[in-house]
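Here's the structure we're looking at; comments come further down.
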Amino acid sequence: MSIPPPNQPEHPAASAGSAAANLEHVRIATPENHEGDEPDRAPRTRAERARARAKERAESGIGPTGRPLREIPEPPPLERHGPAKVLAMCNQKGGVGKTTSTINLGAALAECGRRVLLVDFDPQGALSVGLGIQPHELDQTVYNVIMERSVQIGDVLRKTRVDGVDLLPSNIDLSAAEVQLVAEVGREHTLLRVLRPVMNDYDYVLVDCQPSLGLLTVNALTAADGVIIPLECEFFSLRGVALLIDTIEKVQERLNPKLDITGILATMYDPRTLHSKEVMARVVEAFGDTVFDTVINRTVRFPETTVAGEPITTWAPKSAGATAYRALAREVIAR
Ligand SMILES: Nc1ncnc2c1ncn2[C@@H]1O[C@H](COP(=O)(O)OP(=O)(O)OP(=O)(O)O)[C@@H](O)[C@H]1O
Ligand SMILES: [Mg+2]
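Going by the working numbering, the first residue of the sequence shown is number 19, and it counts up by one from there.
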């Protein structure tokens with residue numbers, strides 16, 4: 019899939035009216051917002067009615083993106099592992115679900131028998147925390163591997179509680195790397211060099227980027243085969259995407275010709291609000307089939323998993339959130 023032109027609306031508010039007008043035709047359905055069984059009576063509350071409508075529409079075969087739901091087959095088992103496909107989870111906007119998606123997509127890929135390495139490339143260390151590791155207690159992190167030639171990636175990698183998922187952790191030390199790398203020869207290729215020795219041990223390497231387009235993110239894009247852009251279903255989240263795509267194109271031209279956008283992942287979708295539906299319609303209008311069919315609904319279950327220190331696929335395996343990330347894993351494998 020080639021990178022679509024940044025045909026973003028110049029100002030989201032500018033055509034909000036027309037997007038709203040078009041919504042008449044955008045049928046939204048989502049089975050993913052069902053956190054439990056529906057009561058066996060007519061829906062009474064607003065939320066129940068919204069869920070009933072969503073169910074009706076899901077049964078009509080239209081997904082939350084307004085496109086027909088496609089059946090994506092179970093991925094075939096692998097006969098051997100590697101070389102890994104590297105995917106950068108990237109959006110310079112904060113709090114859009116990059117880390118949540120890295121953990122849960124990683125865990126869902128592992129359920130499909132894929133070997134997964136998760137790279138925490140954010141000095142906040144949220145990915146490490148989300149997997150139950152306290153970053154400030156670590157002696158060595160990804161920072162040491164990228165800055166010290168004597169430290170090998172194997173010295174820092176660790177297994178997680180999730181079968182088939184390993185972690186390259188990070189902590190606040192990594193914030194120094196952004197400055198220190200500037201003086202290095204081949205500074206944009208540092209992460210790629212670091213990952214090379216383990217590429218044959220994994221099927222997927224997911225790099226959780228920090229919310230910026232600085233040198234660390236450029237390193238992730240230079241090492242990557244594809245980018246997954248988590249996008250919160252909220253108007254302001256559309257604003258920065260043109261700049262992000264511009265950066266991806268520059269990296270593709272100058273540093274990494276194989277780089278591609280694997281997909282745009284709509285997150286924190288609330289099927290009960292017109293606002294979420296409007297944003298979704300705009301995203302699909304702008305990016306077409308680059309948008310994953312799978313949409314991640316807003317649910318308190320995700321913040322809960324951070325506290326639990328494990329992915330939703332093991333913490334609440336039957337939840338709608340777990341089902342959604344499993345569907346995303348199938349889409350990612352199929353793309
Ligand atoms: N689908 C969701 N529904 C509700 N809350 C969510 C969802 N996805 C993520 N969250 C919560 O939103 C917050 C931000 O999510 P997350 O840390 O994944 O975003 P991020 O893009 O990695 O943020 P940052 O840019 O700071 O790294 C977290 O508290 C997370 O638990
Ligand atoms: Mg994050």
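C-beta atoms are modelled at their ideal positions from N, C-alpha and C, and glycine is treated no differently.
Fair warning: this is a prediction, and the values are worked out from it, not measured in the lab.
Which of helix, strand or coil DSSP assigns to residue i
| i | result |
| --- | --- |
| ASN189 | coil |
| TRP333 | helix |
| ASN109 | coil |
| LEU96 | coil |
| THR120 | helix |
| VAL203 | coil |
| GLU166 | coil |
| GLN198 | helix |
| SER230 | coil |
| VAL216 | helix |
| ARG114 | Per the sequence presented here, residue 114 reads as Val, with Arg not at that position. Residue state, collapsed to three classes: coil. |
| PRO22 | Residue placement at PRO22 is flagged as unreliable, the pLDDT there being 47, under the threshold of 50; a coordinate-derived value is accordingly withheld. |
Strand pairing of residue i, partner residues [DSSP]
| i | result |
| --- | --- |
| ALA284 | LEU249 |
| VAL104 | VAL223 |
| PRO289 | According to DSSP, PRO289 bridges with nothing at all. |
| ARG176 | LEU185 |
| ILE279 | VAL245 |
| ILE80 | PRO86 |
Extent of the continuous beta strand (DSSP E) to which residue i belongs
| i | result |
| --- | --- |
| LEU239 | LEU239 -> not in any beta strand (DSSP E); alpha helix (DSSP H) instead, spanning 233–241. |
CB contact flag (residue i, residue j, <7 Å)
| i | j | result |
| --- | --- | --- |
| ALA352 | ILE90 | yes |
| LEU186 | VAL203 | no |
| VAL114 | PRO248 | yes |
| LEU292 | ALA241 | no |
| VAL216 | ILE171 | yes |
| VAL164 | VAL212 | Here the sequence assigns Ile to residue 164, which means Val is not the residue at that position. Taking 7 Å as the Cβ cut-off, ILE164 and VAL212 qualify as a contacting pair. |
| VAL302 | VAL313 | no |
| LEU145 | THR117 | yes |
| TRP333 | THR324 | no |
| GLY84 | ARG133 | no |
| ASP375 | ASP138 | The chain is shown from 19 up to 353; residue 375 falls before or after that span and cannot be answered. |
| GLU250 | THR280 | no |
| PHE12 | ILE282 | The first residue shown for the chain is 19 and the last is 353, placing residue 12 beyond what the model contains. |
| LEU256 | GLN110 | no |
| ASP221 | ALA102 | yes |
| ILE80 | PRO141 | no |
| LEU346 | LEU136 | no |
| ALA238 | ALA106 | yes |
| VAL245 | ILE266 | yes |
| ASN218 | GLY100 | yes |
| ARG88 | ASP311 | yes |
| GLN152 | VAL174 | no |
| GLU271 | LEU233 | no |
| PRO229 | GLY112 | yes |
| VAL269 | LEU262 | no |
| SER193 | GLY143 | no |
Continuous alpha helix (DSSP H) stretch holding residue i: start and end
| i | result |
| --- | --- |
| ARG348 | 338–352 |
| GLN270 | 259–272 |
| PHE310 | No alpha helix (DSSP H) holds PHE310; DSSP gives it neither H nor E. |
| ARG356 | Lying before the first or after the last residue shown, residue 356 is absent from the chain, which here runs from 19 to 353. |
| ALA326 | 319–326 |
| LEU210 | 208–213 |
is_contact[residue i, chain B] using C-beta, thresh 7 Å
| i | result |
| --- | --- |
| ALA334 | Looking at the structure shown, chain B is missing, and only one protein chain is on hand. |
Distance cut-off 6 Å: residue i Cβ against heavy atoms of ligand 3
| i | result |
| --- | --- |
| THR117 | Because ligand 3 does not appear in the structure shown, any question about it cannot be addressed here, the ligands present being ligand 1 and ligand 2. |
Review point. Unbroken alpha helix (DSSP H) runs of length 4 or more, entirely within the stretch 122–164: which are they?
Key: Whole alpha helix (DSSP H) segments, 4+ residues: 144–148.
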